[in-house]
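Novice: Per UniProt numbering, the very first residue in the sequence shown carries number 1; after that it's consecutive. Beta carbons are placed, not taken as given, at the ideal position from N, Cα and C, and that holds for glycine.
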Amino acid sequence: MHLPRQQIAQLYNSLLKTTHSSSAPVLILTALTVDSICATRILTSLLKRDYIPHTIKPIAGYADLLRVGADSVLPLTRQRGGDGGTVVCLGLGGSAAMEEVLGLDGVGADGEASGVSMENHGVEVWIIDARRPWNLENLFGNSAAMKRDEAGVVRRPGVSDGKIAPNYRPGQGGVIIWDDDNIELDLQVEREAFLALQGMPDITEADVGNDEDEDEQQMNSFEASDPSSPSSVGQKRKRQEAGDTSDADLDSDDEDEPERRRRRSNSSGSIPIPSSPGGNPLSAQYHGTSTPPTMPSSPPKVRAPSEKQLRRQLLALRKKHENTLLQYYGRGSQMAEPVSSILYSLASELGREDNEFLWLAIVGISSLVSSPSGIGKKANQVREVLRDEVRRLNPVPLAELQRSQSSEAIIPTTARSTTDTSIRLSPEPRFLLIRHWSLYDAMLHSPYLATRLHVWSDSGRKRLHKLLAKMGISLQEAGKGFLHMDSEIKRTLRSRILKFVEQYNLHGLVPVGDARSGMDDWGFVRSWGWRGTLSAEDVAVVVGAILEVGTEIRGMTDFHKDNRVHVSTSYNNRMRNPPTPPHSSDDGHEREKPDTTSDFITQRFFKAYDALAPGSGLNTLLQNLEVAQNLYKAILRVGSAIISKQQIRHLRSFRMAVIKEGPDVPLFTHPGALARLAAWISDAMTVIESEKGRRSNAPGANAWVLATLDEERDVFVVIGLGGGSVGAAGTKTFRSKAEIKARAERKQARTIAQAAKAAEKTRRREEKRRLRRERNAANNLFVDSDDEEELETESESESSSEGDEDSDLDSDGDDEGDAKRAKRRGLNRFGLAFQETVEQTGARVRLDSFEHSVVEVAKEDLARFLEALSTKAVVG
1 MHLPRQQIAQ LYNSLLKTTH SSSAPVLILT ALTVDSICAT RILTSLLKRD YIPHTIKPIA
61 GYADLLRVGA DSVLPLTRQR GGDGGTVVCL GLGGSAAMEE VLGLDGVGAD GEASGVSMEN
121 HGVEVWIIDA RRPWNLENLF GNSAAMKRDE AGVVRRPGVS DGKIAPNYRP GQGGVIIWDD
181 DNIELDLQVE REAFLALQGM PDITEADVGN DEDEDEQQMN SFEASDPSSP SSVGQKRKRQ
241 EAGDTSDADL DSDDEDEPER RRRRSNSSGS IPIPSSPGGN PLSAQYHGTS TPPTMPSSPP
301 KVRAPSEKQL RRQLLALRKK HENTLLQYYG RGSQMAEPVS SILYSLASEL GREDNEFLWL
361 AIVGISSLVS SPSGIGKKAN QVREVLRDEV RRLNPVPLAE LQRSQSSEAI IPTTARSTTD
421 TSIRLSPEPR FLLIRHWSLY DAMLHSPYLA TRLHVWSDSG RKRLHKLLAK MGISLQEAGK
481 GFLHMDSEIK RTLRSRILKF VEQYNLHGLV PVGDARSGMD DWGFVRSWGW RGTLSAEDVA
541 VVVGAILEVG TEIRGMTDFH KDNRVHVSTS YNNRMRNPPT PPHSSDDGHE REKPDTTSDF
601 ITQRFFKAYD ALAPGSGLNT LLQNLEVAQN LYKAILRVGS AIISKQQIRH LRSFRMAVIK
661 EGPDVPLFTH PGALARLAAW ISDAMTVIES EKGRRSNAPG ANAWVLATLD EERDVFVVIG
721 LGGGSVGAAG TKTFRSKAEI KARAERKQAR TIAQAAKAAE KTRRREEKRR LRRERNAANN
781 LFVDSDDEEE LETESESESS SEGDEDSDLD SDGDDEGDAK RAKRRGLNRF GLAFQETVEQ
841 TGARVRLDSF EHSVVEVAKE DLARFLEALS TKAVVG
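1. Tell me Pro412's beta-bridge partners as DSSP assigns them.
2. Does the structure place the stretch 323-339 close enough to the stretch 13-25 that three or more beta carbon pairs sit under 8 Å?
3. Only counting runs of 4 or more residues, tell me where the alpha helix (DSSP H) segments fall wholly within the stretch 326-387, in order along the chain.
4. Note down the Cα distance separating Leu869 from Asp861, rounded to an integer number of angstroms.
5. Starting from Arg526 and walking both ways along the beta strand (DSSP E), at which residues does that stretch end?
6. Do you know offhand how far Lys768's Cα is from Arg746's?
7. Alpha carbon to alpha carbon, what distance is there between Ala39 and Ala678?
8. Can you give me the start and stop residues for the beta strand (DSSP E) that Phe716 sits inside?
9. Please return the same chain residues whose Cβ sits closer than 6 Å to the Cβ of Gln7, not counting the five positions on each side in sequence.
10. Pairing CB atoms from the stretch 638-652 with CB atoms from the stretch 65-82, are three or more of them under 8 Å?
11. For the alpha helix (DSSP H) containing Asp538, name the first residue and the last one.
12. Is Ser640 closer than 8 Å to Gly61 when the C-beta atoms are compared?
13. May I have the straight-line CA-CA distance separating residue 880 from Leu32, to the nearest angstrom?
14. Mind checking which residues open and close the beta strand (DSSP E) that includes Pro4?
15. Tell me, please, whether the stretch 485-493 touches the stretch 672-688 by the rule of three or more beta-carbon pairs shorter than 8 Å.
16. Put Ser438 into one of helix, strand or coil per three-state DSSP.
17. Taking just the CA atoms, how far does Asp441 sit from Leu475?
18. Look up Lys470 in the DSSP assignment and say whether it is helix, strand or coil.
19. Can the beta-carbon of Asn624 be found less than 8 Å from the beta-carbon of Val542?
20. Please classify Phe357: is it buried, with 16 or more other beta-carbons within 10 angstroms of its beta-carbon, or exposed?
21. Would the stretch 43-62 count as touching the stretch 377-397 if we require 3 or more Cβ pairs under 8 Å?
22. Closest by CA to Ala608, which one among Met656, Arg80, Ala758, Glu548?
23. In this structure, does DSSP put Trp456 in helix, strand or coil?
24. Taking 6 Å as the limit between beta carbons, can you name the residues of its chain near residue 877, skipping five residues before and five after?
25. In terms of residue numbering, what span does the alpha helix (DSSP H) encompassing Asp186 cover?
26. Could you tell me whether any Cβ in chain B is nearer than 8 Å to the Cβ of Val385?
27. Quick check: what's the CA-CA separation for Arg864 versus Ala843?
28. In the DSSP assignment, what are the bridge partners of Gly174?
29. Whole angstroms is fine: what's the gap from Phe194's alpha carbon to Val715's?
30. Span of the alpha helix (DSSP H) holding Glu139?
31. Compare the C-alpha of Ala130 against each of Arg391, Ser333, Val525 and name the closest.
32. Among residues of its own chain, excluding the 5 on either side of Ile410, which ones have a beta-carbon nearer than 8 Å to its beta-carbon?
33. Assuming Gly529 and Asp610 form a contact by the criterion Cβ under 8 Å, report the distance between their Cβ atoms to the nearest whole angstrom.
34. According to DSSP, which residues form a beta bridge with Val26?
35. Quick one: what's got a C-beta closer than 8 Å to Gln748's C-beta in the same chain, skipping five residues either side?
36. What is the residue span of the beta strand (DSSP E) that Asp710 lies within?
Have a look at this one:
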């Protein structure tokens, strides 16, 4: 079932009533992403205000989901002695049949029926997920919680074709998808196909083949018993042609032939042909010379299709609907509206929106730019809505508003007062952690700037130094902390960068608009009094580093000293054997160590959860700034080494790089950190190819596979970055200087052509005016000046409309490629390609991540896995 967005507050209020009137608990299952943790913060704050007890469980993958379903969800069902309850899935579950995964369908883990009816089990599963495609069974399928009778499924009151109506009453259980306003708009065809398949009997080609065999057997037996059958008549004619027929048989056949022919001509039930010379009354030859025949009072009888024909039609219709669903699932994965944004909508519907919830929604959407599936088009629309919310909830003082309207608007680095906790719009440059780093380091480690200046090489570093010199900033000044730089440089930094945007092809590095012309590309900043000021991107980067790297890692900046690793940084090693406090045994015997993998995941999750706490979370963020800085230093080192050493291989469908050795390798065994590195390399190669004049927008040009070796387990962690996804900075397709120059030349040529066309139209208009005056003077006609101006106005409007059409046609030619690329952007088919490759090769692969474009492949099977993968279509 799916819940329209307008009814999310109604469902939450129903939860309040059922929870306060019974002991049904609320279980929150959260994915290990920044967006999901932000959504968890919003939901738990709402539940605490309403005194609703709840439990949070972090979920790392499908294995954890199965375990939690058996240990925590099934005991809530009425069949197991529970009172029902609500399970809220944040950032997970949208792509899986959740009743089957959680065991609510009455089928055991071995695929056999458990023997327990799960009707009216009382557990409602709310799914709020940004990953697409949906599992259509969750949207439109019949829940196991619905009561059934002998006639089939009894539809639940308040649910029509999977859509929940306002009169819906919870309590029986089932899966409820929270709609982001796209299900009703985008999935009409899929809904009709799914519902049609639900009511169809299972029929295959084998069933139709069996029908044909049965018909053939029946025909043979009928022919053997009935000599007058068409087959027997045919055999008789063959015998006649062979000369085996007697004269009596021939005579009888000749006598019966006319009668048989007459009977056959009138047996179809059609209109008889008249024998009168008047002709056919239904044709043009009829002139009324004879009385037309009587028309039949009823339409002609249509012969009913046979059972075999009905089966064939049913099979064709079933294949059509199945192909519709296969095309939907085969489009590829992408990201839709962030989960935190949907939870902020819930708070807004309840009238409880405030700066805390708004900030969490902003951080959640800021974290999606490094997702392997890319940031969806809906997310950009949500950012515009959040900017309006910032203006509404955080009025700007008049003095600051006037200052922001000038060309020297600066990024805020301090609060307005010691109690200032407001959210502000800021002209943020695309520099990494600029408030907490030096300007040089922020520019050097920025994925946007580093990939465009080629900082992985000596010439790229010199280009960065030259850019700073042209901006009038010395290396000594740039090496200082940004907060301690000269105030004049900080005030004019934006204007200095804008002077060299064209020269260095750095469009989008800093926002161009201001408060007067528009702040559509401005970022978000929040202060915590004098304690600190951070941007939303900074918070998302730090919280993501806590999840991906952990807070226990220190000294990563010393990795390359003496070519030794001073701390163990293997992610999977820590996952199996995390550090535990010392303990003693009463009996003196060594006890078996329990599996503490889930405990370690829980530690990381709640550390990131605490970093987003209002007030106290700032201390956790500031303490882990070094973790985020060291992670991006490692990205720069590894990415530079891969490009400089030419370790990139060009395969048929994608490009590939494998990381096997180096002190930084253990850091990238986490899929999140590996996704950041893959996006960095993808952006860098896009810039290189574009500057060489090659097509960076060709299918598969931006499709990447990056694999890193986990020596502890002898597996490779593999991630696929789709050809339509955006890079780490959320940038659009890069254009080289030659492309920009060509576009400028085309624009200039259009301007010249339009000016020449306008001059020609003016000349023609003046010529028409002169001829009109001469004609009127020759005929002694006098035209008022108002009428003449009206005629000229009409001609000018016609010419201007023609010019607009011409300009529209010209612009369409230039933007056609961008429109096609925008349509493809965000689609990632690596998840489907991985599954097809596993079925084809039988490689030992572990598919456990909710991000289906992340897999683990056995070390010995990587070569044949990638070889088979190169033949798959990976671009959506």
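Specialist: In brief:
1. Here residue 412 is taken as the residue at index 412 of the sequence shown, counted from 1. DSSP output for Pro412 lists no bridge partner at all.
2. Judged by Cβ distances under 8 Å, the stretch 13-25 makes no contact with the stretch 323-339, as fewer than three pairs qualify.
3. 339-349, 355-366
4. The residue given as residue 869 occupies position 869 in the sequence shown. The residue given as residue 861 occupies position 861 in the sequence shown. Whole-angstrom Cα-Cα distance: 12 Å.
5. Along the sequence shown, one-based indexing puts residue 526 at 526. Taken as a continuous stretch (DSSP letters only), the beta strand (DSSP E) holding Arg526 covers 523-527.
6. Within the sequence shown, residue 768 is the residue found at index 768, counting from 1. Within the sequence shown, residue 746 is the residue found at index 746, counting from 1. When rounded, the distance between both Cα atoms is 33 Å.
7. Translated into positions along the sequence shown, residue 678 becomes position 678. Translated into positions along the sequence shown, residue 39 becomes position 39. Computed Cα separation, rounded: 26 Å.
8. Stepping through the sequence shown from its first residue, residue 716 is reached at position 716. Looking at the DSSP string, the run of the beta strand (DSSP E) that includes Phe716 is 715-721.
9. The residue given as residue 7 occupies position 7 in the sequence shown. Excluding residues within five positions, none has a Cβ falling inside 6 Å.
10. Taking one beta carbon from each stretch, the stretch 638-652 and the stretch 65-82 have fewer than 3 pairs nearer than 8 Å; the two do not touch.
11. Here residue 538 is taken as the residue at index 538 of the sequence shown, counted from 1. Where Asp538 is concerned, the enclosing alpha helix (DSSP H) stretches over 536-548.
12. Position 61 of the sequence shown holds residue 61. Position 640 of the sequence shown holds residue 640. Cβ atoms of Gly61 and Ser640: not closer than 8 Å.
13. Because the chain is modelled from 1 through 876, residue 880 falls outside the range shown and cannot be assessed.
14. By 1-based counting over the sequence shown, the position of residue 4 is 4. Neither: Pro4 is in no beta strand (DSSP E) and is coded neither H nor E.
15. The answer is no - the stretch 672-688 does not touch the stretch 485-493, with fewer than three Cβ pairs under 8 Å.
16. Within the sequence shown, the letter at position 438 stands for residue 438. Looking at Ser438 - three-state DSSP - the assignment turns out to be strand.
17. Taking the sequence shown and counting its residues from 1, the one referred to as residue 475 is at position 475. Taking the sequence shown and counting its residues from 1, the one referred to as residue 441 is at position 441. The alpha-carbon atoms of Leu475 and Asp441 are separated by roughly 11 Å.
18. Along the sequence shown, one-based indexing puts residue 470 at 470. DSSP places Lys470 in helix when its eight states are reduced to three.
19. Your numbering for residue 624 matches position 624 in the sequence shown. Your numbering for residue 542 matches position 542 in the sequence shown. Contact: yes.
20. As a first step, residue 357 is located in the sequence shown; it is residue number 357 there, counting from the start. The residue in question, Phe357, is buried, as its Cβ has 16 or more Cβ neighbours within 10 Å.
21. no
22. Translated into positions along the sequence shown, residue 608 becomes position 608. The option with the nearest alpha carbon to Ala608 is Glu548.
23. Along the sequence shown, read from residue 1 onward, the residue named residue 456 stands at position 456. Correct three-state label for Trp456: coil.
24. The structure shown does not extend to residue 877, since the chain is modelled only from 1 through 876, so no value can be given for it.
25. Counting from 1 along the sequence shown, the entry for residue 186 is found at position 186. Unbroken alpha helix (DSSP H) run through Asp186: 183-186.
26. Looking for chain B here will not work: only one protein chain is present.
27. One-based indexing of the sequence shown puts residue 864 at position 864. One-based indexing of the sequence shown puts residue 843 at position 843. So the alpha carbons of these two residues sit roughly 8 Å apart.
28. In the sequence shown, residue 174 corresponds to position 174, counting from 1. Beta-bridge pairing links Gly174 to Glu124.
29. The residue given as residue 194 occupies position 194 in the sequence shown. The residue given as residue 715 occupies position 715 in the sequence shown. Approximately 39 Å, taken between the alpha carbons.
30. Sequence index remark: in the sequence shown, residue 139 carries index 139 (1-based). First, the residue type needs correcting, since residue 139 is Leu and not Glu in the sequence shown. Segment 136-140, the alpha helix (DSSP H) holding Leu139.
31. As a first step, residue 130 is located in the sequence shown; it is residue number 130 there, counting from the start. The candidate whose alpha carbon is nearest that of Ala130 is Ser333.
32. Indexing the sequence shown from 1 puts residue 410 at position 410. Excluding positions up to five away in sequence, the list reads Pro427, Lys490, Arg491, Leu493, Arg494.
33. Here residue 529 corresponds to residue number 529 of the sequence shown, with the count starting at 1. Here residue 610 corresponds to residue number 610 of the sequence shown, with the count starting at 1. Contact flag wrong, Cβ pair sits at about 19 Å.
34. On the sequence shown, position 26 is the one that residue 26 refers to. According to DSSP, Val26 bridges with His54, Thr86.
35. Taking the sequence shown and counting its residues from 1, the one referred to as residue 748 is at position 748. When the five nearest sequence neighbours on each side are left out, no beta carbon in the same chain lies closer than 8 Å to the beta carbon of Gln748.
36. For the purposes of this step, residue 710 is identified with residue 710 of the sequence shown, where counting begins at 1. Asp710 -> beta strand (DSSP E) spans 704-710.
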